[in-house]
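Student: Protein chains in written order, with full-length UniProt numbering: chain E, 1 to 245; chain Z, 1 to 291.
All C-beta atoms in this analysis are idealised placements derived from N, C-alpha and C, irrespective of residue type, glycine included.
Computed from a predicted model, the values in this text were never measured in an experiment.
Handing you this structure, nothing more for now.
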Amino acid sequence: MSLLQATEIAKRYGGLAALADVDLSVGEAEFVAVIGPNGAGKSTLLNVLTGLALPDKGRALLDGWDMTRAATHKRVRGGLGRTFQHGRPFERLSVLENVMTGAAIQSGRSELELRERAMAVLDQMGLAAEAQLPIGSLSYGHRRMVEMCRALACEPRVLLLDEPAAGLNSAEVDQLVDRLTDLRTKHRIAIVLIEHNMGMVMRLAERIIVLNFGCKIAEGTPSEIQSDPAVLSAYLGEGYRHAGV
Amino acid sequence: MTDLIQLLINGLAIGSVYALAAIGFVIVYSATGVVNFAAGQFVMFGTFAGVAMLLNAQLPWPVGYGAALLAMALFGALFFVVLYLPLRASPVVTIIIGTVAIGITMQNAALLAFGSWPFRLPSPVESVNLTIAGATISGHAVAVVIVTALMVALLWLLFFRTSLGIGMRAVAQDIKAARLMGLKVNRLLALSWILAALLAGIAGLMLGPMWFADTSMGDPIALKAFAATIIGGFGSLPGAIVGGLFVGLSEVLGASYVSSAYKDLISFGIMILFLLVRPQGVFGERIQDRG
Chain E
1 MSLLQATEIA
11 KRYGGLAALA
21 DVDLSVGEAE
31 FVAVIGPNGA
41 GKSTLLNVLT
51 GLALPDKGRA
61 LLDGWDMTRA
71 ATHKRVRGGL
81 GRTFQHGRPF
91 ERLSVLENVM
101 TGAAIQSGRS
111 ELELRERAMA
121 VLDQMGLAAE
131 AQLPIGSLSY
141 GHRRMVEMCR
151 ALACEPRVLL
161 LDEPAAGLNS
171 AEVDQLVDRL
181 TDLRTKHRIA
191 IVLIEHNMGM
201 VMRLAERIIV
211 LNFGCKIAEG
221 TPSEIQSDPA
231 VLSAYLGEGY
241 RHAGV
Chain Z
1 MTDLIQLLIN
11 GLAIGSVYAL
21 AAIGFVIVYS
31 ATGVVNFAAG
41 QFVMFGTFAG
51 VAMLLNAQLP
61 WPVGYGAALL
71 AMALFGALFF
81 VVLYLPLRAS
91 PVVTIIIGTV
101 AIGITMQNAA
111 LLAFGSWPFR
121 LPSPVESVNL
131 TIAGATISGH
141 AVAVVIVTAL
151 MVALLWLLFF
161 RTSLGIGMRA
171 VAQDIKAARL
181 MGLKVNRLLA
191 LSWILAALLA
201 GIAGLMLGPM
211 WFADTSMGDP
221 IALKAFAATI
231 IGGFGSLPGA
241 IVGGLFVGLS
251 EVLGASYVSS
261 AYKDLISFGI
271 MILFLLVRPQ
281 GVFGERIQDR
291 G
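As structure tokens, then:
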């Protein structure tokens with residue numbers, strides 16, 4: 001049984017079908033990537049899964065619990081975590097305070113426990129030295145890591161990542177790949193990754209889902225996806241056949 | 001010199017009241033983006049909560065103050081449920097106009113319940129007078145300054161040392177991201193309104209013995225609190241404190257050394273000057289957008 005299961009999710013914005021009957025299932029500690037051209041509906045899918053947008057149709061289950069219409073904070077308390085496409089840390093909070101907002105997920109923790117818990121997450125992700133700094137003084141890559149730490153402090157079972165590598169340099173991307181691998185193998189966290197960096201997707205994902213114009217056009221292992229004609233034409237246009245790809 | 005000491009303490013006392021009203025105003029503004037035009041009526045309600053508990057019900061001091069503040073906290077929660085929750089999806093201007101409507105309703109409800117005759121709210125320390133360097137200083141004025149300093153310290157602890165306060169600051173910055181941290185956003189927003197009502201209640205209880213308790217006292221307070229936030233920097237908590245004290249001092253010193261007829265002209269003149277020369281106020285932060 002899947003940990004996260006979305007069936008026939010549809011979402012329209014006016015006349016635009018942002019998502020049309022999209023299915024997604026993620027098993028425990030599984031690594032699934034969602035790829036597709038800009039505007040394919042990837043972020044909308046994450047919005048629907050986290051409750052920031054409600055679907056017009058379809059159901060979303062988290063470990064058997066029907067969360068289709070549940071409030072966002074309940075989904076998070078149920079084990080769903082998410083980061084944003086362009087990084088949205090709380091600018092006027094320190095690094096530690098940002099992570100503490102997530103650690104407060106378990107009620108009944110003392111202030112000291114919250115701090116320790118947040119520090120442990122920062123330590124695990126290599127940001128402990130910057131705990132007391134304001135967000136504004138961090139590099140772009142570290143800002144994005146703070147957001148990841150903040151989501152991890154909520155102790156998610158499924159982590160939804162919206163283009164975490166965007167804007168990172170190649171060393172930072174390598175570091176991110178290591179950390180994500182750790183999360184999955186050591187902490188058994190399932191990950192849904194939206195990413196344009198195909199090198200990263202192919203290294204990490206066990207299964208890839210391809211969206212185009214709100215529809216799922218392919219699903220499979222990285223090698224299956226790389227040779228899928230529908231995917232190639234979505235990315236490269238119909239002319240790819242003549243280009244000898 | 002003795003006059004000056006007296007005036008300074010009195011200015012700080014009335015400035016403290018403005019500062020507390022302004023802090024309540026800023027807390028609501030930064031959490032919800034709503035400019036609360038009923039903020040002055042909140043303070044008036046605080047004064048009349050004191051009138052009801054101390055004069056009408058004749059409760060002893062600690063019980064009466066406690067009951068008045070409890071009533072204010074409940075009122076803040078009610079305000080959130082009646083006005084903010086139903087309108088929260090509407091444009092913020094709609095909510096702002098809603099606060100105007102509720103403010104008018106509050107003033108007329110108070111008029112209906114208490115009449116237009118002013119009351120004199122007593123102070124537990126009104127018989128105490130201190131003498132500093134030959135100047136006689138009212139115990140109430142000193143108490144007001146001390147209580148305000150204590151409230152500011154407590155607020156600082158709340159916002160910077162507790163997860164509740166950190167959560168409130170997170171919600172004030174980015175509601176969606178706060179939801180994704182599992183924060184109970186509505187509860188934290190309600191808390192902002194409750195906190196604002198409580199601070200207004202404390203301001204009202206302290207203001208009662210300085211002014212007469214009059215149902216039309218809300219508007220002048222709102223204008224002074226507004227001037228304080230403009231001068232201090234809109235949306236800034238230290239700005240609200242500094243601005244409030246500044247307005248109080250300029251009003252008292254202006255009334256004494258220039259003319260009491262011009263005391264409002266002086267504080268509002270300074271506010272206009274700030275709008276022209278330094279619109280971001282003393283603690284002006286760069287303009288920031290809300291997520």
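1. Going along chain Z in order, which residues have a C-beta closer than 9 Å to the C-beta of E:Glu111?
2. Give me the Cα-Cα distance between Z:Leu165 and Z:Trp193, rounded to the nearest whole angstrom.
3. For a contact meaning CB atoms closer than 9 Å, what does Z:Ile23 contact in chain E?
4. Under 7 Å between beta-carbons, which chain Z residues line up against E:Leu93? List them in chain order, please.
5. Round the Cβ separation of E:Thr72 and Z:Arg179 to the nearest angstrom and send it over; I've been treating them as touching at under 8 Å.
6. Quick check: is the beta carbon of Z:Leu158 nearer than 8 Å to any beta carbon in chain E?
7. Along chain E, which residues have their Cβ under 9 Å away from the Cβ of Z:Arg88?
8. For the pair the region 183 to 192 of chain E and the region 7 to 20 of chain E, tell me if three or more CB-CB distances fall below 8 Å.
9. On the premise that Z:Val43 lies in contact with Z:Ile272, defined as a C-beta separation below 8 Å, what is that separation, rounded to the nearest angstrom?
10. Is E:Gly244 helix, strand or coil by DSSP?
11. So, does the CB of E:His73 fall closer than 8 Å to a CB anywhere in chain Z?
12. Does the beta carbon of E:Cys149 come closer than 8 Å to any beta carbon on chain Z?
13. Counting C-beta neighbours from all protein chains within 10 Å, is the total for Z:Gly11 16 or more, i.e. buried, or is it exposed?
14. Between which two residues does the beta strand (DSSP E) carrying E:Val22 extend?
15. For chain E, find out if any of its Cβ atoms is closer than 8 Å to the Cβ of Z:Gly232; answer yes or no.
16. Figure out for me which residue from E:Arg77, E:Asp21, E:Gly87 and E:Asp162 has the closest Cα to the Cα of E:Ile194.
17. Please identify the residue among Z:Tyr262, Z:Gly248 and Z:Val277 whose C-alpha is closest to the C-alpha of Z:Ala22.
18. Going by DSSP, name the residue or residues bridged to E:Tyr140.
19. Which residues in the same chain as E:Met145 place their Cβ atom closer than 7 Å to its Cβ, once the five residues preceding and following it in sequence are excluded?
20. Using Cβ-Cβ distances below 8 Å, what residues of the region 176 to 203 of chain Z are close to chain E?
21. So for Z:Asn129, helix, strand or coil by DSSP?
22. Determine, using beta carbons only, whether E:Ala128 comes closer than 8 Å to chain Z.
23. I need the straight-line Cα distance from Z:Pro60 to Z:Thr136, nearest angstrom please.
Tutor: Looking at the atomic coordinates:
1. Here residue 111 of chain E refers to the residue found at position 111 when the first sequence is read from its first residue. Near E:Glu111 (Cβ distances below 9 Å), the residues of chain Z are Arg161, Thr162 and Ser163.
2. As a position in the second sequence, residue 165 of chain Z is number 165, starting the count at 1. As a position in the second sequence, residue 193 of chain Z is number 193, starting the count at 1. Reading the sequence as shown, one finds Gly at residue 165 of chain Z and not Leu. Straight-line measurement puts the Cα of Z:Trp193 at about 14 Å from the Cα of Z:Gly165.
3. The residue given as residue 23 of chain Z occupies position 23 in the second sequence. Result: empty, since nearest Cβ-Cβ is about 17 Å, beyond 9 Å.
4. Reading the first sequence from its first residue, position 93 is the one you call residue 93 of chain E. Correct list: Ile166, Arg169 and Ala170.
5. Counting from one through the first sequence, the residue named residue 72 of chain E turns up at place 72. Counting from one through the second sequence, the residue named residue 179 of chain Z turns up at place 179. About 4 Å separates the two Cβ atoms, so the contact holds.
6. Mapped onto the second sequence, residue 158 of chain Z falls at position 158. For Z:Leu158, the answer is no, since every Cβ of chain E falls outside 8 Å of its Cβ.
7. Translated into the one-based positions of the second sequence, residue 88 of chain Z becomes position 88. What Z:Arg88 touches in chain E: nothing, since even the nearest Cβ is about 14 Å away.
8. Because the criterion of three Cβ pairs below 8 Å is not met, the region 183 to 192 of chain E and the region 7 to 20 of chain E do not touch.
9. Working through the second sequence from its first residue, we reach residue 272 of chain Z at position 272. Working through the second sequence from its first residue, we reach residue 43 of chain Z at position 43. Incorrect: roughly 23 Å between the Cβ atoms, too far for contact.
10. By 1-based counting over the first sequence, the position of residue 244 of chain E is 244. Annotation note: pLDDT 49 at E:Gly244 (below 50); position unreliable, no value reported.
11. Here residue 73 of chain E is taken as the residue at index 73 of the first sequence, counted from 1. Nearest CB-CB separation between E:His73 and chain Z: below the 8 Å threshold.
12. For the purposes of this step, residue 149 of chain E is identified with residue 149 of the first sequence, where counting begins at 1. Answer no: the Cβ-Cβ gap between E:Cys149 and chain Z never drops below 8 Å.
13. Translated into positions along the second sequence, residue 11 of chain Z becomes position 11. Classification for Z:Gly11: buried.
14. If you number the first sequence from 1, residue 22 of chain E lands on position 22. Per DSSP, the continuous beta strand (DSSP E) segment holding E:Val22 begins and ends at Leu16 to Val26.
15. The residue you call residue 232 of chain Z lines up with position 232 of the second sequence. By this cut-off, Z:Gly232 is not an interface position.
16. Here residue 194 of chain E refers to the residue found at position 194 of the first sequence. Minimum Cα distance to E:Ile194 is reached at E:Asp162.
17. As a working note, residue 22 of chain Z is residue 22 in the second sequence. Comparing alpha-carbon positions, the option among Z:Tyr262, Z:Gly248 and Z:Val277 lying closest to Z:Ala22 turns out to be Z:Gly248.
18. In the first sequence, the residue the question calls residue 140 of chain E occupies position 140. Per the DSSP secondary-structure output, E:Tyr140 pairs with nothing in a beta bridge.
19. Within the first sequence, numbered from 1, the residue matching residue 145 of chain E stands at position 145. Excluding sequence neighbours, E:Met145 sits near Met125 and Leu127.
20. Under the 8 Å Cβ criterion, the region 176 to 203 of chain Z contributes Lys176, Ala177, Ala178, Arg179, Leu180, Met181, Gly182, Leu183, Lys184 and Val185.
21. Translated into positions along the second sequence, residue 129 of chain Z becomes position 129. Secondary structure of Z:Asn129 (DSSP, three-state): strand.
22. In the first sequence, counting from the first residue as 1, residue 128 of chain E sits at position 128. No, E:Ala128 does not count as interfacial toward chain Z.
23. Position 60 of the second sequence holds residue 60 of chain Z. Position 136 of the second sequence holds residue 136 of chain Z. Cα-Cα distance, rounded: 28 Å.
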